[in-house]
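Enquirer:
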Amino acid sequence: MNKRLVITGAGVVSAIGCGKAASLNALRSCRSGIGPVTYLKGGPEGLPAGEVHLSNEEMAALAGIQVAEASAWPRTSLMSVLALQEALEQALISGREASPSAKNNADAPGNASLPGQLSLQNIPVIGGTTVGGMDLTEKIYPKVSPLHGCGTSTDLAVEFLGGCKGATTVSTACSSATNAIIYGANLLRSGKCECVVCGGSESLSAYHFHGFNSLMILDREPCRPFDASRAGLNLGEGAAYLVLETEESALRRGVKPIAVLSGWGNACDAFHQTASSPEGEGAFLAMQKALGMAGLEPSAVDYVNAHGTGTPNNDASESAAIRRIFGDAVPPVSSTKPFTGHTTSASGSIKAVFCLLAMQHGFVPRQLNWSTPDPACVVPQVEPLQKELRHIVCNAFGFGGNDSSIILSAYDA
Numbered sequence: 027m028n029k030r031l032v033i034t035g036a037g038v039v040s041a042i043g044c045g046k047a048a049s050l051n052a053l054r055s056c057r058s059g060i061g062p063v064t065y066l067k068g069g070p071e072g073l074p075a076g077e078v079h080l081s082n083e084e085m086a087a088l089a090g091i092q093v094a095e096a097s098a099w100p101r102t103s104l105m106s107v108l109a110l111q112e113a114l115e116q117a118l119i120s121g122r123e124a125s126p127s128a129k130n131n132a133d134a135p136g137n138a139s140l141p142g143q144l145s146l147q148n149i150p151v152i153g154g155t156t157v158g159g160m161d162l163t164e165k166i167y168p169k170v171s172p173l174h175g176c177g178t179s180t181d182l183a184v185e186f187l188g189g190c191k192g193a194t195t196v197s198t199a200c201s202s203a204t205n206a207i208i209y210g211a212n213l214l215r216s217g218k219c220e221c222v223v224c225g226g227s228e229s230l231s232a233y234h235f236h237g238f239n240s241l242m243i244l245d246r247e248p249c250r251p252f253d254a255s256r257a258g259l260n261l262g263e264g265a266a267y268l269v270l271e272t273e274e275s276a277l278r279r280g281v282k283p284i285a286v287l288s289g290w291g292n293a294c295d296a297f298h299q300t301a302s303s304p305e306g307e308g309a310f311l312a313m314q315k316a317l318g319m320a321g322l323e324p325s326a327v328d329y330v331n332a333h334g335t336g337t338p339n340n341d342a343s344e345s346a347a348i349r350r351i352f353g354d355a356v357p358p359v360s361s362t363k364p365f366t367g368h369t370t371s372a373s374g375s376i377k378a379v380f381c382l383l384a385m386q387h388g389f390v391p392r393q394l395n396w397s398t399p400d401p402a403c404v405v406p407q408v409e410p411l412q413k414e415l416r417h418i419v420c421n422a423f424g425f426g427g428n429d430s431s432i433i434l435s436a437y438d439a
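Everything in the sequence shown is counted per our numbering, starting at 27 for the first residue and increasing by one.
(1) If you run the structure through DSSP and keep just helix, strand and coil, what is Q393?
(2) Here's a check: name, in chain order, each residue in its chain whose Cβ is nearer than 7 Å to the Cβ of S255, leaving out the five neighbours to either side.
(3) When the distance is taken between beta carbons, is G367 closer than 8 Å to N292?
(4) Taking the alpha carbon of C176 as the point to measure from, which residue in E414, A372, P410, Q143 has its own alpha carbon closest?
(5) Nearest-angstrom Cα distance between G69 and N212?
(6) For the beta strand (DSSP E) that A36 lies in, which residues bound it at each end?
(7) Between A266, R416, P401, which lies nearest to A378 when the distance is taken from Cα to Cα?
(8) Considering E228, what are the terminal residues of the beta strand (DSSP E) in which it resides?
(9) Pick helix, strand or coil for Q412, following the three-state DSSP scheme.
(10) Since I believe M105 is in contact with S227 (beta carbons under 8 Å), could you give me their beta-carbon distance rounded to a whole number of angstroms?
(11) Suppose the cutoff is 6 Å on Cβ atoms and the five residues either side in sequence are ignored; what does the same chain contact list for G154 look like?
(12) Does N137 pass the burial test, meaning 16 or more other C-beta atoms within 10 Å, or should it be called exposed?
(13) Report yes if the C-beta distance between A94 and N82 is below 8 Å; otherwise report no.
(14) What are the complete beta strand (DSSP E) segments, minimum 3 residues, inside the region 254-304?
(15) Judging by CA-CA distance, which residue of A199, I91, H417, L110 is the nearest neighbour of V223?
(16) Rank G289, R350, M313, Y437 by C-alpha distance to the C-alpha of A320 and give the top, closest one.
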């Protein structure tokens, strides 16, 4: 079923703010959220991260959860609720009342006064996470929290919002949220539903930190994607969700589409458990598939939001893939991870919301912390650039070479 799929709602929480308005302000003013870790205990000392600057109790209060219950919730679920509330409110999907942060919306107002509201109880929710409720297990280890499971983290957030028509959780490491979006898109294309909520959430944990530290890919300084001096990534946390539906459904409901999900692709080169292939085969195939589905030539792409972790391997591999796709005409490229840290499983949906903001407001997010070219890497967009963005490639690559790309396109009525 070849129907046009549109995005009608988006919500985000990350180190640069709670909600789209705060995120937009940080992106445009080049304000990073990377800094010392405040709330997480037990991680390696001296490693900066993109921690959400809210305690569990503060997030619970924003979400309308009893503050006394905050310590019993996985941080992953608390962030999910906040992002879901903002996305649902914008798309006119009823659950519980949206959080105060959702009401300060960076997008065009008006949906709240339109007819055609849907109930979340009639809509599937696809979440993505890998850490899940690890933070709760760490408090009682060697026991395991009953809310530890990835699926349980998604279920808890959805149940608080009144339930949905089936919740599914995707766990493919750093491509999880993007694969959740792809899964949701395939549900719509199959005709199984007309509307789906999809995205991901990931919290920091000591296990998270020590695991990445054992791979020797964490930088003790702010990360520098594509720079010759890059030495690794900064971890981060956050959540973001999109409301995705068929154009017919959105028009029938009177809800204004934000953008079109015009193409997507997933590939697995299985080169190595954690490293990417030198020629970027998985990344190349994912972008190639997404462009083919969208019916676009590479020259039509206005901006590439790169996976861009800041590790020597990833940035060189992704650059090789970008050059294979675009040849000598590489469009503006940047990684937004110096703003938020690498939010692992949630990174794809967080970056997708940033791409929507860039498209709506006509700018390319600048590459932070870059100064020295590396012949193995593309030269990212460092200077301010106001530009109409009609087609954006957004990449998210996971361990094992599970690589995914989506294309967001401007909506023409």
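Every residue gets a Cβ at the ideal spot worked out from N, C-alpha and C, and that includes glycine.
Expert: Here's the rundown:
(1) Within the sequence shown, residue 393 is the residue found at index 367, counting from 1. It is coil, neither helix nor strand.
(2) Numbered from its first residue, the sequence shown carries residue 255 at position 229. Closer than 7 Å at the Cβ level, and outside the excluded window around S255, lie T398.
(3) For this step, residue 292 is matched to residue 266 along the sequence shown. For this step, residue 367 is matched to residue 341 along the sequence shown. Taking 8 Å as the Cβ cut-off, N292 and G367 do not qualify as a contacting pair.
(4) Taking the first residue of the sequence shown as position 1, residue 176 is located at position 150. Selected option, being the one with the closest Cα: A372.
(5) Working through the sequence shown from its first residue, we reach residue 69 at position 43. Working through the sequence shown from its first residue, we reach residue 212 at position 186. Distance between the alpha carbons of G69 and N212 is about 38 Å.
(6) Position 10 of the sequence shown, counting from 1, holds the residue named residue 36. 31-40 is the span of the beta strand (DSSP E), which, as asked, contains A36.
(7) Counted from its first residue, the sequence shown places residue 378 at position 352. Looking at the Cα atoms, A266 is the closest of the given residues.
(8) Within the sequence shown, numbered from 1, the residue matching residue 228 stands at position 202. Counting along the chain, the beta strand (DSSP E) containing E228 begins and ends at 221-228.
(9) Taking the first residue of the sequence shown as 1, we reach residue 412 at position 386. Strand at Q412.
(10) On the sequence shown, position 201 is the one that residue 227 refers to. On the sequence shown, position 79 is the one that residue 105 refers to. S227 to M105, Cβ: 5 Å. Contact.
(11) Stepping through the sequence shown from its first residue, residue 154 is reached at position 128. Around G154: V196, S202, A203, A206, G226, S371.
(12) Position 111 of the sequence shown, counting from 1, holds the residue named residue 137. In this prediction, N137 scores a pLDDT of 44, lower than 50, which makes its location untrustworthy; no coordinate-derived value is stated.
(13) To locate residue 94, count along the sequence shown from 1; it is residue 68. To locate residue 82, count along the sequence shown from 1; it is residue 56. Not a contact, by the Cβ cut-off of 8 Å.
(14) 264-272, 285-294
(15) The count along the sequence shown starts at 1 and reaches residue 223 at position 197. For V223, the nearest C-alpha among the options comes from L110.
(16) By 1-based counting over the sequence shown, the position of residue 320 is 294. Considering only alpha carbons, the answer is G289.
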